[in-house]
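**Student:** Take a look at the following structure, please.
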Amino acid sequence: MVNLARLTSDGVLGPLQIAFAKMIGRIDPSSRDTVLLAAALVSEQLTRGHICLDLAQADQIVFGFGNDRDQAIRYDRWPVIGRWLKDLAASQSVLVRESRDDAQHIDRPLVLDKTGRKLYLARYWYYQQQLAHSILRRIAMPSLEMDESSLRSDIAGLFPDRHAPGDAGQCLAAASTIDQRFGIITGGPGTGKTTTVAKLLALRIMQQPNVQDEGKLRVLLMAPTGKAAQRLNESLGRVANALEIAESVREQLLAIQAGTIHRILRWTPLPPELGGPFSHGSDYPVEADVVLVDEASMVDIGLMSHLFSAVPLQAQLILMGDRDQLASVEAGSILGDLCGDLADAATGRLSAPRRQIIADRTGIEPDTETVSRHALADHIMPLRHSHRFDPSSSLGRMAAAIRAGDAETVIAELHQQESSDGPIIWIQPETPSATLAHIAELATDEYTAYLNELAQYPEGQLSVLQSLLRFRVLCAHREGLWGEVNLNRVIAERLDRLGLIRLRRNAYLGQPVMVTRNDYRQELFNGDVGVVVRDPSGQELAVMFESATEPSGCRRVPAALVPETRPCYALTIHKSQGSEFHHVMVVLPHRPSPILTRELLYTGITRVADWRDPATHTRHPGKLYLVTNESVLRETIHGRIRRSSGLKDAIEASTSG
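Under the numbering used here, the first residue of the sequence shown is numbered 10, with each subsequent residue one higher.
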């Protein structure tokens with residue numbers, strides 16, 4: 010039998026996993042070694058974002074760990090799947106269930122899904138099954154009633170260019186989702202997700218089939234972070250002000266304010282038995298007709314399960330996000346699990362009746378090549394056309410190739426850019442010192458503009474912030490030679506040597522900072538970026554942030570009142586999600602790492618956005634600096650975020666049975 014001590018010494022398991030296995034042994038002293046091994050591995054899987062342990066793939070955790078896949082010969086008597094299932098089913102610490110079962114009556118620490126051959130910690134089985142059954146209950150409910158005649162007219166008015174490639178997908182998504190109790194709108198950066206949702210909400214307000222509060226539609230907008238909520242508010246406001254709609258509709262749209270999921274559900278530190286971790290739940294749902302969740306790919310399974318429980322069944326619940334971006338930091342990849350390959354076709358894989366409904370409402374005949382009978386097929390609408398950068402540009406082609414895992418096309422595109430002096434600059438590292446110096450030099454050149462302007466206006470102005478926000482260095486890791494912390498240091502030191510800043514241990518004039526903790530009193534949120542400036546009232550320092558409500562477009566907060574921050578000449582790619590910059594430098598480590606995946610690289614390079622000159626309306630292509638060697642780049646593109654989950658199985662099993 011595989012020895013747990015050896016797995017620990019080889020770095021496969023940690024102290025937490027061993028402690029959990031021992032706890033299982035104490036619960037059932039008769040448990041076989043196979044049960045203890047499975048318990049340790051399911052705990053280890055959770056730390057890597059997996060919801061469960063796929064027993065059929067468990068050997069890959071051990072034998073695929075690190076770079077030596079031949080180390081399998083070091084372990085003997087690896088349990089066969091039949092033996093594993095038999096021993097787990099016999100253990101007093103394991104509850105046996107099937108994929109279609111609900112989440113109730115769990116009284117043991119582990120749950121075995123015998124049909125799916127997956128092992129769960131009880132809590133995560135509960136989250137998964139509760140979420141699956143909540144989704145199924147929603148899609149089984151009757152669609153919202155619509156006045157089809159006025160809806161067709163309203164759609165034509167809100168989507169006058171609906172037959173154009175850039176608007177057709179948005180029109181189809183809005184027309185399909187408007188009457189559904191549950192829907193997903195997924196698309197890459199710049200595909201118009203917020204525009205689509207703004208128009209969808211306008212259509213709902215115009216229709217108002219189920220309203221309360223003196224005729225006003227009750228809408229809740231949620232996002233996983235304060236920064237994402239703030240961006241959603243700003244984007245929705247811009248779109249609402251630009252729409253040609255009745256002022257009464259515009260006023261209702263502008264009155265909608267997004268908040269974090271935790272704040273809207275009223276997070277509390279209390280344990281579940283005392284009413285925690287949220288005040289709102291199935292017994293005390295939120296009051297809403299429509300609930301929309303932005304950046305849904307960042308929401309883990311626990312939070313998503315709580316969210317679905319807190320939304321009344323009769324309300325409309327819409328998820329919005331990019332299924333190809335990085336998944337949540339915690340366990341689960343919910344958006345990816347739900348979308349699967351249903352979002353691959355141009356208009357998803359809609360059923361014939363749903364296609365006819367959309368055609369009647371829009372005058373557009375959706376693609377009819379692919380038809381699906383999957384339970385979620387009619388509830389997933391993909392957006393394809395990017396307005397952030399030209400899909401046919403070098404960056405657009407490269408993003409598509411990364412998403413498809415086509416390393417050869419990416420490499421060829423990079424070599425072509427080298428010979429044509431294009432907008433993508435590939436920097437293949439030499440020695441670490443030379444590469445770090447090159448990174449610092451390029452970053453200094455990019456950051457010089459905002460620092461020179463700040464030298465003229467030390468109290469800051471909006472143009473200083475806008476100049477700062479045109480460029481960012483993005484890293485795969487926070488720590489290490491090529492991580493955020495070290496790159497912030499080397500960039501700041503070079504700026505100091507050139508006299509562009511006066512480097513200090515604490516805040517200093519010109520320092521770019523990112524807020525790392527929400528402060529609702531100051532209206533500052535985790536992810537907000539500002540620059541340290543001189544306070545107009547004296548010699549003290551302040552931090553200047555963008556502000557949609559101030560006439561100047563920015564506001565200053567005394568440095569002493571700003572919550573925790575960290576320097577942000579460089580950021581991790583995770584922290585950059587939802588942001589866009591005119592120029593981006595993506596830095597990958599020199600050696601392969603488990604964190605390097607095509608999703609990480611795709612997220613990083615798609616932070617680049619073309620820039621339109623407001624005076625001339627000329628479109629200027631963005632620029633990408635990619636710092637990596639070819640072997641690491643290939644491994645990154647071939648790597649994928651594959652998180653074990655039974656969510657899709659649970660939905661399919663319940664609908665097929």
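Where is the CB? At the ideal position from N, CA and C, for every residue including glycine.
Looking at the structure shown, is residue 88 part of a helix, part of a strand, or coil, going by DSSP?
**Tutor:** Residue 88: coil per DSSP, three-state reduction.
**Student:** Checking 8 Å against the spacing of the C-beta atoms, do residue 148 and residue 190 come in under that value?
**Tutor:** Yes; because the gap between Cβ atoms is below 8 Å, this pair is in contact.
**Student:** Start and end of the alpha helix (DSSP H) containing residue 135?
**Tutor:** That run of the alpha helix (DSSP H) goes 131 to 149.
**Student:** Using the Cβ count rule (16 or more neighbours within 10 Å means buried), how would you classify residue 187?
**Tutor:** Its Cβ being crowded by 16 or more others within 10 Å, residue 187 is buried.
**Student:** How about residue 197 and residue 331: are their beta carbons less than 8 Å apart?
**Tutor:** In contact: residue 197 and residue 331 (Cβ atoms closer than 8 Å).
**Student:** Taking residue 270 as part of the alpha helix (DSSP H), name the residues at either end of that continuous run.
**Tutor:** 270 to 273 is the span of the alpha helix (DSSP H), which, as asked, contains residue 270.
**Student:** Counting only beta-carbon atoms, is residue 602 nearer than 8 Å to chain B?
**Tutor:** Absent from the structure: chain B. Only one protein chain is present.
**Student:** Using the three-state DSSP reduction, which class does residue 517 fall into: helix, strand or coil?
**Tutor:** The answer is coil: DSSP assigns residue 517 none of H, G, I, E or B.
**Student:** Taking the Cβ atom as the reference point for each residue, do residue 328 and residue 385 lie within a distance shorter than 8 Å?
**Tutor:** Cβ distance not < 8 Å, so residue 328 and residue 385 don't count as in contact.
**Student:** Helix, strand or coil for residue 648, going by three-state DSSP, please let me know.
**Tutor:** In the structure shown, residue 648 sits in coil (DSSP, three-state: anything other than H, G, I, E or B).
**Student:** Tell me the rounded alpha-carbon separation between residue 549 and residue 427.
**Tutor:** Whole-angstrom Cα-Cα distance: 47 Å.
**Student:** What are the residues that DSSP puts in a beta bridge with residue 667?
**Tutor:** The structure shown has nothing for residue 667, since the chain only spans 10 to 666.
**Student:** In angstroms, rounded to a whole number, what distance separates the CA positions of residue 172 and residue 256?
**Tutor:** One C-alpha to the other measures close to 26 Å.
**Student:** Between the region 505 to 525 and the region 562 to 580, are three or more C-beta pairs nearer than 8 Å?
**Tutor:** Touching, yes.
**Student:** Could you check how far apart the C-beta atoms of residue 231 and residue 300 are, in whole angstroms? I think they sit under 8 Å.
**Tutor:** Confirmed, Cβ separation roughly 7 Å.
**Student:** DSSP state of residue 161, grouped into three classes?
**Tutor:** Of the three classes helix, strand and coil, the one that applies to residue 161 here is helix, per DSSP.
**Student:** If the criterion is Cβ atoms closer than 8 Å, does the pair residue 36 and residue 129 meet it?
**Tutor:** Cβ distance not < 8 Å, so residue 36 and residue 129 don't count as in contact.
**Student:** Can residue 485 and residue 604 be called in contact, C-beta distance under 8 Å?
**Tutor:** Going by C-beta atoms, residue 485 is nearer than 8 Å to residue 604.
**Student:** Inspect the beta-carbon positions of residue 292 and residue 325 and report whether they are closer than 8 Å.
**Tutor:** Not a contact, by the Cβ cut-off of 8 Å.
**Student:** Where DSSP assigns a beta bridge to residue 484, which residues make up the other side?
**Tutor:** Paired residues: 581, 596.
**Student:** Do you know offhand how far residue 538's Cα is from residue 599's?
**Tutor:** Their backbone Cα atoms lie some 28 Å apart in a straight line.
**Student:** With residue 334 and residue 612 assumed to form a contact (beta carbons below 8 Å), what rounded beta-carbon distance in angstroms separates them?
**Tutor:** With a Cβ gap of about 5 Å, residue 334 and residue 612 count as contacting.
**Student:** Using CA coordinates, which residue listed in 454, 103, 466, 472 is at the minimum distance from residue 482?
**Tutor:** The candidate whose alpha carbon is nearest that of residue 482 is 454.
**Student:** So, with DSSP's three-state summary, where would you put residue 390?
**Tutor:** Looking at residue 390 - three-state DSSP - the assignment turns out to be strand.
**Student:** So does the region 648 to 663 actually touch the region 446 to 461, counting three or more Cβ pairs closer than 8 Å?
**Tutor:** The region 648 to 663 is not in contact with the region 446 to 461.
**Student:** State yes or no: is the C-beta of residue 200 within less than 8 Å of the C-beta of residue 183?
**Tutor:** No.
**Student:** Applying the criterion that 16 or more other CB atoms from any shown protein chain within 10 Å of the CB defines a buried residue, is residue 594 buried or exposed?
**Tutor:** Classification of residue 594: buried, given that the 10 Å Cβ count is 16 or more.
**Student:** What does DSSP give as the partner residue(s) for residue 453 in the beta ladder?
**Tutor:** Answer by DSSP bridge pairing: none, since residue 453 is not bridged.
**Student:** Going by alpha carbons, who is nearest to residue 263 out of 615, 290, 513, 207?
**Tutor:** For the residues 615, 290, 513, 207, the minimum Cα distance to residue 263 belongs to 207.
**Student:** Quick one: which unbroken beta strand (DSSP E) runs of 3-plus residues sit fully inside the region 204 to 248? Chain order, please.
**Tutor:** Taking only runs of at least 3 residues, the beta strand (DSSP E) segments lying wholly in the region 204 to 248 are 228 to 232.
**Student:** Taking Cβ to Cβ, would you say residue 372 is nearer than 8 Å to residue 339?
**Tutor:** No, Cβ-Cβ distance for residue 372 and residue 339 is not below 8 Å.
**Student:** Residue 390 and residue 194 - do their beta-carbons sit closer together than 8 Å?
**Tutor:** In this structure, residue 390 lies closer than 8 Å to residue 194 by Cβ.
**Student:** Near residue 469, what residues of its chain come up, given a Cβ to Cβ distance below 6 Å and the 5 sequence neighbours on each side ignored?
**Tutor:** Cβ within range, chain order: 542, 553.
**Student:** Rounded to the nearest angstrom, what separates residue 394 and residue 589 at their Cα positions?
**Tutor:** Distance between the alpha carbons of residue 394 and residue 589 is about 17 Å.
**Student:** So, using beta-carbon positions, are residue 88 and residue 124 closer together than 8 Å?
**Tutor:** Going by C-beta atoms, residue 88 is not nearer than 8 Å to residue 124.
**Student:** In this structure, what does DSSP give as the bridge partners for residue 195?
**Tutor:** Note: residue 195 sits in a beta bridge opposite 330, 391.
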